[in-house]
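*Asks:* Position 411 of the sequence shown, counting from 1, maps to 410 under numbering that gives the first Met the number 0, and the rest follow consecutively.
All residues carry an ideal CB built from backbone N, CA and C; glycine is no exception.
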Amino acid sequence: MAQAAAATGTVRTIKRDVPFAWEGRDKRGARIKGKSLAPDESALRAELRRQGIAPSRIRKQRDGRRGGRVDAGDIAVFSRQLATMLAAGIPLVQAFEIVGNGHEKASMQKLILDVKADVEGGTSLHEALAKHPLYFDDLYVNLVEAGEQAGALESLLDKVATYKEKTEALKKKVKKALFYPAAVLVVAVIVTVVLLVFVIPQFESLYKGFGADLPAFTQMVIGLSRFVQHDGVYVAVVLGAAAWAFAYFKKRSKAMREFLDRVVLKLPVIGPILNKAAIARYARTLSTMFAAGVPLVEALESVAGATGNIVYESAVLKMRDEVATGQRLQRAMESTGLFPNMVNQMIAVGEESGSLDEMSGKVATFYEAEVDNAVDAMSSLLEPLIMVILGVLVGGLVIAMYLPIFKLGSVV
Numbered sequence: 000m001a002q003a004a005a006a007t008g009t010v011r012t013i014k015r016d017v018p019f020a021w022e023g024r025d026k027r028g029a030r031i032k033g034k035s036l037a038p039d040e041s042a043l044r045a046e047l048r049r050q051g052i053a054p055s056r057i058r059k060q061r062d063g064r065r066g067g068r069v070d071a072g073d074i075a076v077f078s079r080q081l082a083t084m085l086a087a088g089i090p091l092v093q094a095f096e097i098v099g100n101g102h103e104k105a106s107m108q109k110l111i112l113d114v115k116a117d118v119e120g121g122t123s124l125h126e127a128l129a130k131h132p133l134y135f136d137d138l139y140v141n142l143v144e145a146g147e148q149a150g151a152l153e154s155l156l157d158k159v160a161t162y163k164e165k166t167e168a169l170k171k172k173v174k175k176a177l178f179y180p181a182a183v184l185v186v187a188v189i190v191t192v193v194l195l196v197f198v199i200p201q202f203e204s205l206y207k208g209f210g211a212d213l214p215a216f217t218q219m220v221i222g223l224s225r226f227v228q229h230d231g232v233y234v235a236v237v238l239g240a241a242a243w244a245f246a247y248f249k250k251r252s253k254a255m256r257e258f259l260d261r262v263v264l265k266l267p268v269i270g271p272i273l274n275k276a277a278i279a280r281y282a283r284t285l286s287t288m289f290a291a292g293v294p295l296v297e298a299l300e301s302v303a304g305a306t307g308n309i310v311y312e313s314a315v316l317k318m319r320d321e322v323a324t325g326q327r328l329q330r331a332m333e334s335t336g337l338f339p340n341m342v343n344q345m346i347a348v349g350e351e352s353g354s355l356d357e358m359s360g361k362v363a364t365f366y367e368a369e370v371d372n373a374v375d376a377m378s379s380l381l382e383p384l385i386m387v388i389l390g391v392l393v394g395g396l397v398i399a400m401y402l403p404i405f406k407l408g409s410v411v
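1) Are Ser378 and Tyr179 touching if we call contact CB-CB under 8 Å?
2) Give me the Cβ distance between Leu156 and Leu81, rounded to the nearest whole Å; I'm assuming they're in contact under 8 Å.
3) Compute the Euclidean distance between the alpha carbons of Gly292 and Leu273, then round it to the nearest angstrom.
4) Examine the Cβ distances between the stretch 332–346 and the stretch 199–209 and report whether three or more of them are shorter than 8 Å.
5) Apart from the five residues on each side of it in sequence, which residues of its chain come closer than 8 Å, Cβ to Cβ, to Leu396?
6) Give me, in chain order, the residues of the same chain whose beta-carbon lies closer than 7 Å to that of His102; leave out the 5 immediate sequence neighbours on both sides.
7) Alpha carbon to alpha carbon, what distance is there between Ala368 and Glu164?
8) Spatial neighbours of Ala373 within its chain, please: C-beta separation below 6 Å, excluding the five flanking residues on both sides.
9) What span of residues does the beta strand (DSSP E) with Ala53 cover, start to end?
10) Give me, in chain order, the residues of the same chain whose beta-carbon lies closer than 6 Å to that of Glu333; leave out the 5 immediate sequence neighbours on both sides.
11) To the nearest angstrom, how far is it from the Cα of Arg64 to the Cα of Lys250?
12) Just checking my contact of Ser301 with Leu138 at CB under 8 Å: how many whole Å lie between their CB atoms?
13) Can you tell me whether Ile404 is buried or exposed? The criterion is at least 16 other CB atoms within 10 Å of its CB, across all chains shown.
14) Just checking, does the stretch 275–286 make contact with the stretch 300–316 on the three C-beta pairs under 8 Å criterion?
15) Decide if the stretch 146–156 is in contact with the stretch 116–132; the criterion is three or more beta carbon pairs, one per stretch, under 8 Å apart.
16) Out of Arg68, Pro294 and Ala129, which has the shortest C-alpha to C-alpha gap to Lys104?
17) Measure the alpha-carbon distance for Thr324 versus Val362 and round it to whole angstroms.
18) Quick check on Ile89: does DSSP put it in helix, strand or coil?
19) What's the gap between the Cα of Val118 and the Cα of Ala71?
20) Which residue's Cα is closest to the Cα of Ile269: Ala116, Ser78, Gly222 and Ala376?
21) Indicate whether Ser352 and Ala282 have their beta-carbon atoms separated by less than 8 Å.
22) Whose CA, out of Phe258, Gly88, Glu153 and Asp113, lies closest to the CA of Pro38?
23) How is Glu167 classed by DSSP in three states: helix, strand or coil?
24) To the nearest whole angstrom, what separates the beta carbons of Ala303 and Gln329, a pair I think is in contact under 8 Å?
25) Here's the rule: buried if 16 or more other CB atoms are within 10 angstroms of the residue's CB, otherwise exposed. What is Phe245?
26) Cα separation between Val143 and Leu299?
27) Looking only at its own chain, which residues have a Cβ that is under 7 Å from the Cβ of Gly23, when we skip the five neighbours before and after it?
28) Phe289 and Asp356: beta carbons closer than 8 Å?
29) Taking the CB atoms as reference points, tell me whether Leu389 and Phe216 lie closer together than 8 Å.
30) Between Glu203, Val322 and Lys26, which has its C-alpha nearest Arg49's C-alpha?
31) Using the Cβ count rule (16 or more neighbours within 10 Å means buried), how would you classify Tyr233?
32) Which value, in whole angstroms, describes the spacing of the CA atoms of Ser41 and Ala29?
33) Once you ignore the five residues that flank Arg327 on each side, which residues in its own chain have a CB closer than 8 Å to its CB?
34) In terms of DSSP beta bridges, what is Arg256 paired with?
35) Rounded to the nearest angstrom, what separates Ser224 and Met255 at their Cα positions?
36) Report the partner residues of Ile31 according to the DSSP bridge assignment.
What follows is the structure in structure tokens.
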């Protein structure tokens, strides 16, 4: 609202908007409530009165930074809401107003209403979105720009919404695939540490009065327990520092990220899932960009960054250079050695028949289903594996502690 007021012609400094929740009555006396952004309470009251609303209660909400971080899932939901409203014939600015004021997250509400204010001031939608690169990447902005230039913004936003929904669903499946092995290790470590720190010392104090030599397995576990109690903090600090250093250099070193991406693609079980996910992202992005009328060479540049793996990103950029010199896309894909023959052949059919977007979409749908099935299969496999690992760890420690009692019973 403050931004919209600034668009009337006079240039002035605008205060930072903050979120407010309000209640009041409209011209007919009906009670209404909503959420709005304004620089202060008096400005909000003036704006509400201008709209014919008599405010009865206004309260300041938490700042957007405390109102939940904007994530990719929020952007996907926003894209679908905007596409649906435009399809229903609601004007763009009004659609932004409705979606923004109705959002639960103050941070997302501020983002939407900031974009709305720019559009209301005469900025094109893709330029308004480009001002927020953390939330709307180049691919998103390029698709919206293509829709505006073609006069088919409603249709393109629907494609963007579908694309974001598909990619977010795929990301969740991949995260699920990576979460299970990590969960097995974390649970196993926590259970083992708890037993070594709190349970084993109780048995150790009990066996001190026996006056007999303990079995070697029991002595080994007691020694491990003493080590964890005395030096476990230092080990935890070293491991924490190593994890921090790993994350730090991974974020800043492209060579390290490329090495790690190559390694994970070759891991058993997880590697095939990540390969299929990268192919699905490649095909889905290519299909969406080509359907929007983006030239193939330009589309491949956006496709490269959407694959989610540096190995595939480098390969797609190389393919872009080859396509720019007149090479067919299918031949460029074959030269990378990353894409299965079925994918190459379907892309070739799409090129020959002029339906590259349709064939790419079918490839994406197939590999998204493959990732889904692979994750479900791995989950089914890991559930009993978790029980086995925990059983071996806990059972081994229990046996080690009860061995002296078993020996004592056999002597008696």
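*Replies:* Reading from the atomic positions:
1) yes
2) 6 Å
3) 29 Å
4) no
5) Thr191, Leu194, Leu195, Val198, Ile199 and Val220
6) Gln108 and Ile111
7) 14 Å
8) Ile272
9) Ala53 to Lys59
10) Asn343
11) The predicted model places Arg64 with a pLDDT of 40, which falls under 50 and marks its position as unreliable, so this point remains unresolved.
12) 4 Å
13) exposed
14) yes
15) yes
16) Arg68
17) 25 Å
18) coil
19) 22 Å
20) Ala376
21) no
22) Asp113
23) helix
24) That belief does not hold up - the Cβ atoms of Ala303 and Gln329 are roughly 17 Å apart, past 8 Å.
25) exposed
26) 17 Å
27) Ile31, Leu47, Ile52, Ala53, Pro54 and Ser55
28) yes
29) no
30) Lys26
31) exposed
32) 22 Å
33) Ala347 and Glu350
34) In the DSSP output, where bridge partners are listed per residue, Arg256 has none listed.
35) 36 Å
36) Gly23
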